[in-house]
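Protein chains: 2
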Amino acid sequence: MSRVTCDLTVSLDGYVAGPNQSLDEPLGERGESLHRWQFEQREASAAEIAGILEAGAYIMGRNMFAGPGPGPWDQGWRGWWGEEPPYHAPVFVLTHHQREPLAMEGGTTFHFVTDGIESALAQAREAAGDRDVAIAGGAQTARQYLSAGLMDELRLHISPEILGGGERLLDGVGDVTLEPIEARGTGLVTHVRYRVQR
Amino acid sequence: MSRVTCDLTVSLDGYVAGPNQSLDEPLGERGESLHRWQFEQREASAAEIAGILEAGAYIMGRNMFAGPGPGPWDQGWRGWWGEEPPYHAPVFVLTHHQREPLAMEGGTTFHFVTDGIESALAQAREAAGDRDVAIAGGAQTARQYLSAGLMDELRLHISPEILGGGERLLDGVGDVTLEPIEARGTGLVTHVRYRVQR
Chain U
29 MSRVTCDLTV SLDGYVAGPN QSLDEPLGER GESLHRWQFE QREASAAEIA
79 GILEAGAYIM GRNMFAGPGP GPWDQGWRGW WGEEPPYHAP VFVLTHHQRE
129 PLAMEGGTTF HFVTDGIESA LAQAREAAGD RDVAIAGGAQ TARQYLSAGL
179 MDELRLHISP EILGGGERLL DGVGDVTLEP IEARGTGLVT HVRYRVQR
Chain S
29 MSRVTCDLTV SLDGYVAGPN QSLDEPLGER GESLHRWQFE QREASAAEIA
79 GILEAGAYIM GRNMFAGPGP GPWDQGWRGW WGEEPPYHAP VFVLTHHQRE
129 PLAMEGGTTF HFVTDGIESA LAQAREAAGD RDVAIAGGAQ TARQYLSAGL
179 MDELRLHISP EILGGGERLL DGVGDVTLEP IEARGTGLVT HVRYRVQR
């Protein structure tokens, strides 16, 4: 069976986003700095970037699709990624608001799932076939799958930035046992893969 | 000039010790589990363990020497490490209580410094000669040197444990810029060396 993976970039003090997230600054203050490794040194982290993009289906939380707050959800919002999102695969968005599937260019179709994380996973597995299902984020969605024992591999990309505030990835995640299976670094990030033990 | 280094083991959620530190449990609940890499797989992390023990002088906080609370400080306390502590070098203990130097077996002498972190560093540099000065801990002492711009290299040993509470290393450390210079992992820990930029 395909695996359930999750790639997340965190600050050295454990934040996935800085303080004061907003529509203008969806990653919060200084949150963009966490992702320098994906933009400034793509070659140095080519394998990890490829790993993020190779899943057969993705699952994301409502905030990752539409941002915090009431926002533009009911106004024909088509995501943050322009007309050709980078997923090139079905993306299952967890939400309480029903909506018809939204087909974008390049193979990405957003499906809106209103009956919970297990249903989203079943649908994503079906869509992914033999390929992996990736939990795309945000942190709250990742925590839900991790806490529920529904994730096989957590891949942390640990930035050297110290944000000092914001949304922490692992707070309240509960009793989870992780085993490091691979670690390597560049001048901008430390990549660590963890197997989630059941 | 010799460098100022600091080795610290942290949980994946950023804690150096679990909740409810006490004389019986100086690392707090489940805090001992962070250090499994130093006891269960010494060979796999031999270089890092050697790195911890090669300094020419050490600096530690009062709590690391004597534990939290009023404790046994004035009762002839000789540290946690038995008659032959593992430092084999001068150790400068930051405290508000004057006390005569305490010579132990194997070359460790505890010196008690009452006039602050810069004085302790000057004395440790003098004692270390060409060798490095290591900030031995605890977290509060490490933060003080880091925030004051007096540390050259921070070496984090990131355990896969999630403690969910306790004392966090980097909370309140302020505006510090770190550059990862080496990362590698074992099945129990991820070792990352950071250069502290001035």
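Chains U and S, in that order, are what the protein sequence lines are.
Using the working numbering, the first residue of the first sequence is number 29, and each one after it goes up by one.
Using the working numbering, the first residue of the second sequence is number 29, and each one after it goes up by one.
All C-beta atoms in this analysis are idealised placements derived from N, C-alpha and C, irrespective of residue type, glycine included.
Mapping the DSSP letters down to three states, classify E207(U) as helix, strand or coil. Looking up residue 207(U) in the first sequence gives position 179. Strand at E207(U).
Smallest Cα separation from A45(S): which of S30(S), H63(S), R31(S), C34(S)? For the purposes of this step, residue 45(S) is taken as the residue at position 17 of the second sequence. Minimum Cα distance to A45(S) is reached at H63(S).
With DSSP run on the structure shown, which of helix, strand or coil describes L184(U)? Locating residue 184(U) in the first sequence gives position 156, counting from the first residue. Of the three classes helix, strand and coil, the one that applies to L184(U) here is strand, per DSSP.
Euclidean distance between Cα positions of T123(S) and G215(U): Walking along the second sequence from the start, residue 123(S) turns up at place 95. Walking along the first sequence from the start, residue 215(U) turns up at place 187. Their backbone Cα atoms lie some 37 Å apart in a straight line.
Under a three-way DSSP split, which group does L198(U) fall into? Within the first sequence, numbered from 1, the residue matching residue 198(U) stands at position 170. Three-state result, L198(U): coil.
Please return the same chain residues whose Cβ sits closer than 7 Å to the Cβ of G202(S), not counting the five positions on each side in sequence. Here residue 202(S) corresponds to residue number 174 of the second sequence, with the count starting at 1. If we look at G202(S) and ignore the five residues flanking it on each side, its Cβ neighbours are S175.
Would you call the segment 186-194 of chain U and the segment 36-44 of chain U in contact, with 3 or more CB pairs under 8 Å? yes
With 8 Å set as the bound, which would you pick, yes or no: does the beta-carbon of D41(U) sit closer than that to a beta-carbon of chain S? For this step, residue 41(U) is matched to residue 13 along the first sequence. So yes, D41(U) belongs to the interface.
If we call anything under 8 Å between Cβ atoms a contact, is V161(U) one with A85(U)? In the first sequence, counting from the first residue as 1, residue 161(U) sits at position 133. In the first sequence, counting from the first residue as 1, residue 85(U) sits at position 57. Yes, Cβ-Cβ distance for V161(U) and A85(U) is below 8 Å.
Whole alpha helix (DSSP H) elements within the segment 134-189 of chain U, 4-residue minimum: 145-156, 167-175
In the DSSP assignment, what are the bridge partners of Q225(U)? The sequence position of residue 225(U) within the first sequence is 197, counting from 1. DSSP lists T205(U) as partners of Q225(U).
If contact is defined by three or more beta carbon pairs under 8 Å, each pair taking one atom from either stretch, is the segment 124-134 of chain S in contact with the segment 151-158 of chain S? no
Suppose the cutoff is 8 Å on Cβ atoms and the five residues either side in sequence are ignored; what does the same chain contact list for M88(S) look like? Numbered from 1 along the second sequence, position 60 holds the residue referred to as residue 88(S). Counting only Cβ-Cβ distances below 8 Å, and skipping sequence neighbours, we find V119, F120, V121, L122, I163, A164, G165, G166, T169.
Just checking: is the beta-carbon of G144(U) within a distance shorter than 8 Å of some beta-carbon in chain S? One-based indexing of the first sequence puts residue 144(U) at position 116. No, G144(U) does not count as interfacial toward chain S.
What is the rounded straight-line gap between the Cα of R31(S) and the Cα of N91(U)? The count along the second sequence starts at 1 and reaches residue 31(S) at position 3. The count along the first sequence starts at 1 and reaches residue 91(U) at position 63. The straight-line gap from Cα to Cα measures roughly 45 Å.
Spatial distance of S61(S) from P188(S) (CA atoms): Position 33 of the second sequence holds residue 61(S). Position 160 of the second sequence holds residue 188(S). So the alpha carbons of these two residues sit roughly 10 Å apart.
Would you say L197(S) and L36(S) are within 8 Å of each other, going by their C-beta atoms? Numbered from its first residue, the second sequence carries residue 197(S) at position 169. Numbered from its first residue, the second sequence carries residue 36(S) at position 8. Taking 8 Å as the Cβ cut-off, L197(S) and L36(S) qualify as a contacting pair.
Could you check what DSSP says for A88(U) in three-state terms: helix, strand or coil? Here residue 88(U) refers to the residue found at position 60 of the first sequence. For clarity, residue 88(U) is Met in the given sequence; the question names Ala instead. Strand.
Using a Cβ-Cβ distance under 8 Å, would R212(S) count as near chain U? Mapped onto the second sequence, residue 212(S) falls at position 184. With 8 Å as the cut-off, R212(S) counts as an interface residue toward chain U.
Alpha carbon to alpha carbon, what distance is there between Q66(S) and L130(U)? Looking up residue 130(U) in the first sequence gives position 102. Looking up residue 66(S) in the second sequence gives position 38. Whole-angstrom Cα-Cα distance: 52 Å.
Does the beta-carbon of E76(S) have 16 or more other beta-carbons within 10 angstroms, so that it is buried, or is it exposed? As a position in the second sequence, residue 76(S) is number 48, starting the count at 1. Flag for E76(S) reads buried.
Taking the C-alpha atoms as reference points, what is the distance between L51(S) and V204(U)? Residue 51(S) sits at position 23 when you count from the first residue of the second sequence. Residue 204(U) sits at position 176 when you count from the first residue of the first sequence. Between L51(S) and V204(U), the C-alpha separation is close to 28 Å.
So what does DSSP say about H63(S), is it helix, strand or coil? Counting from 1 along the second sequence, the entry for residue 63(S) is found at position 35. It is helical.
Chain U contact residues for I190(S), given Cβ-Cβ distances below 9 Å: In the second sequence, counting from the first residue as 1, residue 190(S) sits at position 162. Going along chain U in sequence order, the residues near I190(S) (Cβ under 9 Å) are L198, V201, G202, D203, V204, T205, L206.
Relative to the C-alpha of R221(S), which candidate in G200(S), M179(S), D199(S) has its C-alpha closest? Numbered from 1 along the second sequence, position 193 holds the residue referred to as residue 221(S). The option with the nearest alpha carbon to R221(S) is M179(S).
Under the assumption that A211(U) contacts T218(S) (Cβ atoms under 8 Å), give the Cβ distance between them as a whole number of angstroms. In the first sequence, counting from the first residue as 1, residue 211(U) sits at position 183. In the second sequence, counting from the first residue as 1, residue 218(S) sits at position 190. Their Cβ separation, rounded to whole angstroms, is 4 Å, which keeps A211(U) and T218(S) in contact under 8 Å.
Determine the DSSP secondary structure at L122(S), reduced to helix, strand or coil. Translated into the one-based positions of the second sequence, residue 122(S) becomes position 94. Three-state result, L122(S): strand.
Beta-carbon proximity list for I209(U), same chain, < 6 Å, skipping 5 on both sides: For the purposes of this step, residue 209(U) is identified with residue 181 of the first sequence, where counting begins at 1. Closer than 6 Å at the Cβ level, and outside the excluded window around I209(U), lie R221, R223.
Would you call R183(U) buried or exposed, if buried means 16 or more other Cβ atoms sit within 10 Å of its Cβ? For this step, residue 183(U) is matched to residue 155 along the first sequence. R183(U) comes out buried.
With H, G and I counted as helix, E and B as strand and the rest as coil, what does DSSP make of L81(U)? Along the first sequence, read from residue 1 onward, the residue named residue 81(U) stands at position 53. If DSSP states are grouped into helix, strand and coil, L81(U) belongs with the helices.
Cβ-based neighbour list, L206(U), same chain, cut-off 8 Å, excluding 5 preceding and 5 following: Here residue 206(U) corresponds to residue number 178 of the first sequence, with the count starting at 1. So the qualifying residues of the chain are L182, Y222, R223, V224, Q225.
Three-state secondary structure (DSSP) at A75(U)? Stepping through the first sequence from its first residue, residue 75(U) is reached at position 47. DSSP places A75(U) in helix when its eight states are reduced to three.
Pull out every residue of the segment 112-132 of chain U whose Cβ sits closer than 7 Å to any Cβ of chain S, in chain order. none
Please go through the same chain and pick out, in chain order, the residues whose beta-carbon is closer than 8 Å to the beta-carbon of G147(S), but skip the five residues on each side of it. The residue you call residue 147(S) lines up with position 119 of the second sequence. In the sequence as displayed, the identity of residue 147(S) is Ser instead of Gly. Cβ within range, chain order: V141.
Are there 16 or more other CB atoms within 10 angstroms of the CB of A78(U), so buried, or fewer, so exposed? As a working mapping, residue 78(U) is identified with position 50 in the first sequence. Looking at its Cβ environment, which holds fewer than 16 other Cβ atoms inside 10 Å, A78(U) is exposed.
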